[in-house]
Each structure stands twice: as C-alpha cells, then as structure tokens.
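Beneath this line is the structure, given in structure tokens, with notes to follow.
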Amino acid sequence: MSLKPQPPRSMPEELEQLAHLVPVGSVYRLVGDVLYEQYDDTDYVDLYHAEGKPGISPVLLALVTVFQFLEKLADRQAAEAVRVRLDWKYALHLPLGYTGFHYSVLSEFRDRVLQHGAEARLFDGVLEQLRSMGLVKRRGRQRTDSLAVLSKVRDLTRIEQLVETLRLALRALLKEEQEWTRATVPSTWEDIYGERCVLERLTEAQRQVLAQQVGPDGQWLLERVGEDTAPSRLRSLPEVEVLARTWEQQFTRVEGELVFREGGPYDGKTQIATPHDPEARYSEKRGQAWVGYKLQVTEADDEDQPHLITDIAITPSVETDYAALEPIQDRLDDRDLLPAQQFVDGGYTSEQNLVRSGERGVDLMGPVQQDTRPQTRLPHGITLDQFEVDFEACTAVCPAGQRANIGTRRGKRLVLRFPRTVCVDCPLRPRCCTGKGGRHISLGWHYSILQAARARQETEEFKALYRKHRGGVEGCLSALVRGQGIRVGRYIGRAKNHLQALFTGVAVNLKRAARWLAGMRPQAKRQGLRLRSSA
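In numbering that gives the first Met the number 0, the protein residues as written are 0 to 534.
In structure tokens, the structure reads:
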C-alpha cells in the first residue's frame with residue numbers, strides 16, 4: 000500500500016455553521032479549531048511503500064485511533080462514529096456526507112505503526128504542539144508512578160496452562176501442516192485437547208489423569224516435531240516455541256522419567272505465565288498479584304499549567320521501578336522535557352538513580368530507604384556515617400581510630416573489613432560489632448549522596464513539598480483506570496499494549512488541554528468533615 004500525501008483539509012462550510020453544536024472545552028473542538036491543520040500526511044510517509052494502492056490518510060487514522068481510546072470504543076464502533084458523529088467529523092474536517100472506511104483499516108494502521116517503530120510519533124508530536132501553545136513547561140515539576148496492567152487473559156492453574164499450551168500448539172500445527180499433523184498425532188487427542196481446559200468441569204480423578212498425561216504427551220509431540228521427517232518450518236511456529244519453553248520450565252527428568260520441576264533456576268523474567276500472552280509475566284506488589292505488565296506514567300505538576308502526561312510506557316511487570324527510571328528520563332531528555340524536580344515514591348530512589356538524576360540536573364524527590372543494618376537499632380550504635388571512608392585508597396578509619404586492612408571493589412560498591420584482633424578488645428565493640436569477627440562495611444561509591452537524601456527527607460520543608468506534589472499522581476492513575484480503562488490491556492503482547500498506552504496518553508493530554516484552554520480548572524480536593532475547632 001502506498002501513500003499519496005494530501006494537505007490538511009479546510010473546515011467544510013456546512014460544519015462551520017454547526018460549530019456551536021460541538022461543546023467548547025471538548026477534544027473535538029480543540030482538534031477541529033486549532034490542531035488538525037498542523038498535522039501532515041508527510042510525517043508518516045516512511046510507513047508506506049512507494050508503489051501500490053493509495054491508502055487512507057494516516058493523520059485521519061491516527062486521530063480516529065486517539066478518539067477511539069478516548070471513548071473506549073472497539074474498532075467497529077470507532078469506524079461507525081466516523082460516519083455518524085458530528086463532533087468527530089468536525090474534528091477531522093470531514094464533510095457530512097463522508098461514508099467512512101471499513102473497521103479493519105484501524106487494526107492494519109496499528110500494525111503498520113508497530114512494524115515501523117513509530118509508536119511514539121503522535122504522542123511526541125501532540126506534546127510538542129501543546130508545548131508551543133505554552134501548556135508544557137520545560138524544567139518544571141513532574142511526578143512519576145506505576146500501575147499494574149492486567150493481561151486480557153483468564154487466570155490459569157498449572158495444569159490448565161500446560162493443557163492450553165499443548166492445545167494451541169496442536170491447533171497451530173493443524174493450520175500449518177494438516178496432513179502431517181493428522182498422520183502423526185493420535186486421533187484420541189481430540190477428546191483430550193480439543194476444547195479449552197477448565198479444571199472445574201472435571202472430576203478429581205480426571206484431573207489426576209490429565210496431570211500425569213499432559214507432560215509426556217507434550218514431550219512426545221516436541222520429539223516428533225524435532226525429527227528430520229517433520230517439516231522444518233513447524234519448529235519455528237510461535238506456538239511450538241512456547242510449548243518447548245514451557246516444558247523446559249515446568250518439567251525435568253529424574254531417572255529417565257519426566258516429572259514436574261519444583262522451584263528451579265527460572266525467575267519471573269523468563270517464566271511464561273500463560274500461552275495466550277507469552278510476554279505477560281506473573282508479579283506481586285504490596286500483596287497484589289497479577290499476570291500482565293506494568294504502566295509507567297509521568298505527568299507535569301506545575302501550578303500554572305495543565306497536568307499533561309509527559310511520558311507513558313508499558314514495561315514488563317517484573318521490572319522494578321528503579322530500573323524503569325533511567326529509560327523514563329532518557330525519553331524525557333529526548334523530548335527536551337526533563338524536569339527540575341521529579342517526585343517519585345521509594346521504589347525509584349536507589350543510590351544510582353539519585354546520582355544519575357543529579358547528573359541530568361534533575362532533583363529526584365522521594366523517600367530513600369533508611370539504613371537497616373543492626374547498628375542502627377543499637378543504643379548509640381556506630382553507623383556508616385561515623386566512618387571516615389577514602390574511596391580512592393579503598394580504606395576507612397573507624398571512630399576508635401582503627402584502619403580497615405582489607406578493601407575491595409565490587410562493581411560500584413566498596414567492601415571494607417577491620418581485623419578481628421583490633422575489634423575484639425575495642426571498648427566500642429558493643430555498639431559496633433554484632434558478630435564474632437571484626438566489623439565489615441559495604442557502601443556505594445556515592446554513599447554521601449544517599450546520606451544527604453536521608454537527612455533531607457527528615458526536614459519539614461521536604462515533607463511539606465512532597466505531600467503537596469506527590470499525592471496527585473494517584474489522581475492521574477485513577478483517571479487512566481476509570482476514564483480510559485487502562486487497567487486491562489486491550490491487546491495481546493507488550494508492543495500492542497504499549498501502543499495503546501501512548502494513544503491513551505495523547506487522548507488524556509488533549510482532554511486536559513481542551514478543558515484548560517476553555518478556562519476549566521481541576522476541581523479542588525474533597526474536604527472531609529471537620530467538627531473540632533482548630534484552636
């Protein structure tokens with residue numbers, strides 16, 4: 000499919016006369032009156048071939064996708080809205096008689112965007128437009144938080160996962176090579192693996208038989224697919240690859256017999272949780288368990304500006320928040336939107352993140368984990384900040400004047416040990432050493448920055464500032480969940496859900512910008528009932 004770029008359409012005269020029917024402060028009024036004519040098909044020309052049937056305007060499809068996520072519509076509903084909705088036609092400068100397009104075009108457009116790595120193009124473009132309108136401040140305040148995103152699949156038990164994995168592999172083999180599959184696979188498997196596995200429908204005896212049978216059956220199928228007589232392309236089918244990985248993770252051989260693997264070397268980063276979404280991972284946080292992904296959101300928090308989303312991304316559910324911060328700041332830097340202050344929770348404030356943020360000129364505002372070493376719990380305990388540490392010489396002097404005789408560098412940490420002969424008779428030992436040997440300490444190369452952050456978070460100024468600016472990010476997450484349905488991914492796979500997040504971010508930004516430009520300000524926080532006098 001090719002692209003014949005067309006200039007932005009002017010507003011049809013018939014729609015100009017109906018402008019009063021499109022509410023001021025709506026996304027559609029903002030796009031139709033201000034933003035639409037700033038978009039150009041040439042921004043998407045690299046997504047299309049030089050020859051072929053001309054495609055529908057990518058600007059039109061991109062904006063329809065934004066409106067679709069704004070209103071949580073399916074593809075069919077969005078395509079219908081283009082045909083019948085006055086406000087959509089107004090925003091897109093379409094004549095009233097425009098008959099629209101087939102709904103499958105929207106799915107094809109999303110696939111095209113993903114194939115060419117253009118997921119963030121519209122998000123970045125709209126953000127730049129809003130900044131040129133004075134709605135986004137460079138080097139202002141921003142706040143970041145994360146949210147669990149559930150995969151659009153049902154929860155599976157271990158047996159259900161194995162049976163479903165085998166069933167999907169069989170279905171893929173039948174579709175790819177029906178003759179070979181029917182000649183190889185026993186016909187009785189149709190009764191066992193022909194339908195979706197739901198353990199509640201089976202008796203206890205049937206469950207036991209299935210648990211004993213599914214492992215050997217899956218292994219047998221993998222061996223048949225791996226034989227030289229089998230078509231080689233079968234081994235590269237995604238469903239067969241998932242089957243092989245799942246069996247490797249779930250089973251092991253003991254004395255030649257295939258048995259369930261209990262524990263093992265696999266962590267959550269590699270462990271497949273469901274064959275219906277092989278990229279989704281099982282994760283837990285503060286007692287909440289889910290299979291899916293994690294959403295990282297950063298929004299502006301300047302008092303004289305709308306709270307626009309400056310970064311939004313879907314990450315693996317098992318990726319820690321402190322590991323996600325550097326990529327977040329990288330993307331903000333690419334957009335020239337690094338904040339002066341970035342408010343985060345304790346999951347982001349590692350020593351390395353404090354250092355890297357400082358190097359970028361970002362003041363990372365968040366609680367730092369306190370020192371949990373035993374000495375901090377002793378009366379007048381001797382803590383790390385009381386040692387004189389020389390990182391260059393890899394040595395330290397303790398409060399008693401003794402020098403560490405063993406110093407080693409381990410990555411970005413310095414490990415120091417004091418000899419037992421020196422510590423055993425030291426009068427400060429009850430406050431210093433909790434074991435039988437000498438004191439040993441381990442600290443990062445930038446421990447002083449960590450200590451400064453710990454001291455700052457105890458000040459009233461920090462507490463007041465943090466209370467004022469950090470808590471509001473929960474409102475952003477709530478708006479994404481309740482208003483845009485971001486809690487459950489619409490699609491299978493991280494890439495498609497990441498695309499959903501970016502288009503949702505565009506929709507939220509346009510909604511907030513439209514209301515702000517119309518003079519509508521965020522409502523004041525709800526006040527609780529206060530009966531007691533403040534005196």
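Backbone N, C-alpha and C define an ideal beta-carbon position, used for all residues, glycine too.
Of the listed residues Gln128, Gln368, Thr183 and Gly492, nearest to Ala451 (C-alpha basis): Working through the sequence shown from its first residue, we reach residue 451 at position 452. Taking only the C-alpha atoms, the option nearest Ala451 is Gln368.
Same chain, Cβ closer than 8 Å to Glu163, neighbours up to 5 away in sequence not counted: Here residue 163 refers to the residue found at position 164 of the sequence shown. The answer, listed in chain order, is Leu155, Arg195, Cys196, Thr273, Pro274 and His275.
Three-way DSSP call (helix, strand, coil) for Ala299 in this model: As a first step, residue 299 must be located in the sequence shown, where it is residue number 300. Looking at Ala299 - three-state DSSP - the assignment turns out to be strand.
Buried versus exposed call for Met364 [16 or more other C-beta atoms within 10 Å across all chains shown]: Counting from 1 along the sequence shown, the entry for residue 364 is found at position 365. Buried is the call here.
C-alpha gap between Arg200 and Gln212, whole angstroms: Sequence index remark: in the sequence shown, residue 200 carries index 201 (1-based). Sequence index remark: in the sequence shown, residue 212 carries index 213 (1-based). Approximately 17 Å between the Cα atoms of the pair.
Residue closest to Thr433, alpha-carbon to alpha-carbon, out of Gln374, Gln483 and Leu476: For this step, residue 433 is matched to residue 434 along the sequence shown. Closest by alpha carbon: Gln374.
Residues of its chain near Thr348, where Cβ-Cβ distance is below 8 Å and the 5 sequence neighbours each way are ignored: The sequence position of residue 348 within the sequence shown is 349, counting from 1. The residues are Tyr321, Leu363, Gly365, Pro366, Val367, Gln368 and Ala452.
Through-space distance from Ile491 to Met10, alpha-carbon basis: The residue given as residue 10 occupies position 11 in the sequence shown. The residue given as residue 491 occupies position 492 in the sequence shown. Met10 and Ile491: Cα-Cα distance of roughly 38 Å.
Those residues which DSSP pairs with Gly291 across a bridge: Position 292 of the sequence shown, counting from 1, holds the residue named residue 291. DSSP lists Leu149 and Arg280 as partners of Gly291.
Neighbour flag for Tyr292 against chain D, beta carbons, 9 Å: Of the chains in the structure shown, none is chain D; there is only one protein chain.
Residues near Val81 by beta carbon distance below 8 Å, same chain, minus five either side: Sequence index remark: in the sequence shown, residue 81 carries index 82 (1-based). Excluding sequence neighbours, Val81 sits near Val63, Trp87, Lys88, Leu91, Leu93, Tyr97, Gly99 and Phe100.
7 Å Cβ shell around Leu427 - same chain, five flanking residues per side excluded: For the purposes of this step, residue 427 is taken as the residue at position 428 of the sequence shown. Only residues of its own chain outside the window of five on either side were considered, and among them Ile381, Pro398 and Ala399 have a CB closer than 7 Å to the CB of Leu427, listed in chain order.
DSSP beta-bridge partners of Pro315: Sequence index remark: in the sequence shown, residue 315 carries index 316 (1-based). Note: Pro315 sits in a beta bridge opposite Tyr292.
Leu442 versus Asn404 - alpha carbon distance: Translated into positions along the sequence shown, residue 442 becomes position 443. Translated into positions along the sequence shown, residue 404 becomes position 405. Each residue's Cα considered, the two are about 16 Å apart.
First and last residue of the uninterrupted beta strand (DSSP E) at Leu155: Translated into positions along the sequence shown, residue 155 becomes position 156. Per DSSP, Leu155 lies in no beta strand (DSSP E) segment and is marked neither H nor E.
Contiguous beta strand (DSSP E) assignments of at least 3 residues, all confined to the stretch 340–404: 340–342, 362–364, 387–389 and 394–396
Three-state secondary structure (DSSP) of Gln546: Given a span of 0 to 534 for the chain in the structure shown, any question on residue 546 remains unanswerable.
For Ser441, the first and last residue of its enclosing beta strand (DSSP E): The sequence position of residue 441 within the sequence shown is 442, counting from 1. DSSP places Ser441 inside the beta strand (DSSP E), whose first and last residues are His439 to Gly443.
Reduced DSSP secondary structure (H/G/I, E/B, other) of Pro57: Mapped onto the sequence shown, residue 57 falls at position 58. Pro57: helix per DSSP, three-state reduction.
First through last residue of the beta strand (DSSP E) which encompasses Leu415: By one-based count along the sequence shown, residue 415 stands at place 416. It spans Arg412 to Arg416 - the beta strand (DSSP E) in which Leu415 sits, taken as one unbroken run.
Beta-carbon spacing of Tyr446, Glu350 below 9 Å: Reading the sequence shown from its first residue, position 447 is the one you call residue 446. Reading the sequence shown from its first residue, position 351 is the one you call residue 350. If you check the CB distance, Tyr446 and Glu350 come in under 9 Å.
For Ser231, the three-state DSSP class (helix, strand or coil): Reading the sequence shown from its first residue, position 232 is the one you call residue 231. Reduced to three states, the DSSP call for Ser231 is helix.
Close Cβ partners of Arg137 (< 7 Å) along its chain, the five nearest in sequence each way excluded: Along the sequence shown, one-based indexing puts residue 137 at 138. Here the set comprises Asp335 and Leu336.
Option nearest Glu358 by Cα separation, candidates Gly345, Arg376, Asp344 and Asp332: Numbered from its first residue, the sequence shown carries residue 358 at position 359. Taking only the C-alpha atoms, the option nearest Glu358 is Asp332.
Ranges of the alpha helix (DSSP H) found wholly within the stretch 432–513, counting only runs of at least 4: Segments of the alpha helix (DSSP H) lying fully in the stretch 432–513: 446–455, 459–469 and 472–477.
Host beta strand (DSSP E) of Leu201 (start-end): For the purposes of this step, residue 201 is identified with residue 202 of the sequence shown, where counting begins at 1. No beta strand (DSSP E) contains Leu201, which DSSP labels as neither H nor E.
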